[in-house]
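See structure below.
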Amino acid sequence: MLFRRRSERLVKLPEFEMWVSTRDRGISKGLIERAERFARGQDPGPEREPEFNWIVREEIRAVCEHYRNREGRAVIYDLGANLGFNSLIIDAVCRSLLPRNKYMLYAIEPNPDNVPLLRKNLDHGRLNAELCQCAIADYTGEGQFQSSDHSNLGTLAGRGHASVAARKVKVFSLPDFAETFATGIPNFIKMDIEGGEVEVLKGARQFLADCPPPCKIIMEVHPPAYTPERSLKKELRFLFERGWAGKYLVSAAVALPDRFREAGLTPFLEFHTGRHARGIFRDFTVEQFLDFSCHSHLQEIPGRKPSPKIVRAILIEKR
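Numbers 161 to 479, taken from the working numbering, label the letters of the sequence shown in order.
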């Protein structure tokens with residue numbers, strides 16, 4: 161069932177209900193189309209980014225299990241919360257395993273255009289979450305945020321897909337955010353910030369190096385945006401030398417990219433949505449992990465333009 165209110169719609173999906181924007185050419189468009197099929201009694205098709213969501217659910221379960229019979233609470237950051245899609249997924253897993261006093265979700269979103277619907281989704285779903293309107297980078301202060309007509313593609317000034325006038329936003333480094341909002345040490349961080357992952361890790365080097373397990377980070381990666389000065393490889397290697405390790409690689413473009421095949425790697429899970437085919441890999445060397453996720457590699461795709469990257473997302477964890 162779809163409810164209209166100005167440019168907003170409440171869409172009913174198989175997993176949950178969610179407010180979206182009819183003006184958004186990004187995540188909302190796909191969710192509306194899927195909800196309309198579901199409302200007609202048709203197969204709605206796979207959820208958005210099922211491979212990413214599979215990892216999120218598995219790793220959130222692991223964090224929750226850690227706290228079921230221990231003191232303390234699970235602390236989760238949804239960094240780049242957008243309209244709340246991943247926050248809804250995360251909270252559903254947490255509430256199925258823990259009472260509300262045993263976990264807390266921080267939905268972090270700098271885009272002023274997204275905040276009203278994000279707040280509405282947190283309230284409508286009764287999430288155990290705090291909305292934090294700010295960006296995370298390698299400094300604390302103010303920055304310029306550039307919006308896009310795709311709600312999920314906004315960036316801090318100087319990066320990425322932005323196309324609309326920039327607006328001033330609060331910016332925190334990760335350790336300063338944790339201190340300012342009194343969150344405690346995060347156990348799980350979801351990061352989808354259009355290339356800004358380098359600055360987040362750079363600004364939290366010692367903070368993350370000192371984090372005790374469980375501490376996990378899933379992030380989308382953007383190899384074409386990296387340079388010698390903005391090096392994800394450098395930041396990951398720093399963490400890997402201090403107790404962190406790569407656990408999952410999610411392929412981009414195809415389920416088994418050529419470079420993976422040449423290295424003798426095969427996915428242990430594949431996801432085919434009709435539009436995309438992606439695989440999840442876990443048996444790789446450190447150097448393969450760093451090379452594949454941090455550098456551009458051209459991958460041919462039948463009937464489409466080649467992809468400049470072979471990895472879409474990674475998960476790293478403290479061990």
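Here a beta-carbon is modelled for each residue, glycine too, at the ideal position from N, C-alpha and C. These figures come from a predicted structure and were not determined experimentally.
No Cβ-Cβ contact shorter than 7 Å links Glu211 with Ile470. Under the three-state reduction of DSSP output, Pro466 falls in the strand class.
In its chain, beyond the 5 residues on either side, Val223, His226, Asn347 have a beta carbon closer than 6 Å to the beta carbon of Pro374. With respect to the C-alpha of Lys172, the residue from Arg183, His284, Ala199 having the closest C-alpha is Ala199. Taking 8 Å as the upper bound for CB-CB distance, Leu450 and Lys393 are in contact here, some 5 Å apart.
When only Cα atoms are considered, Ala413 and Glu389 end up about 27 Å apart. Taking 4 residues as the shortest admissible run, the stretch 208-294 contains the following complete alpha helix (DSSP H) segments, listed from N- to C-terminal end: 210-227, 245-257, 275-284. Taking a C-beta distance under 7 Å as the contact criterion, Ala295 and Glu359 do not qualify as a contact pair. Less than 7 Å separates the beta-carbon of Pro466 from that of Glu460.
From the listed residues Phe400, Thr433, Ala437, the smallest Cα separation to Ser411 is found for Ala437. In this structure, DSSP gives Gln202 a state outside helix and strand, which the three-state scheme calls coil. With a 10 Å radius around the Cβ and a threshold of 16 neighbouring Cβ atoms, Lys328 comes out exposed.
One thing to note: Leu475 has its Cβ within 7 Å of the Cβ of Tyr408.
In summary, Asp251 is buried, with 16 or more beta-carbon neighbours lying within 10 Å of its beta-carbon over all protein chains present. For Ile440, the secondary structure class from DSSP, reduced to helix, strand or coil, is strand. Put simply, the backbone Cα of Arg397 is about 10 Å away from that of Gly406. Using a Cβ distance threshold of 7 Å, Asn213 and Ile236 do not count as a contacting pair. Secondary structure at Glu422: helix, using DSSP grouped into helix, strand and coil.
Going by beta carbons, Ile349 and Leu239 fall inside the 7 Å limit.
Ile461 sits in a strand when the DSSP states are folded into three classes. Look at Gly301 here: in three-state DSSP terms it is strand.
Contact annotation: Asn242 and Asn274 have beta-carbon atoms nearer than 7 Å. Excluding sequence positions up to five before and after Arg472, its CB lies within less than 6 Å of the CB of Val410, Ala412, all in the same chain and listed in chain order. The shortest CA-to-CA distance from Met178 to any of Cys371, Gln306, Pro276 is the one to Pro276. A buried status is given to Pro270, since no fewer than 16 other beta-carbon atoms sit within 10 Å of its beta-carbon.
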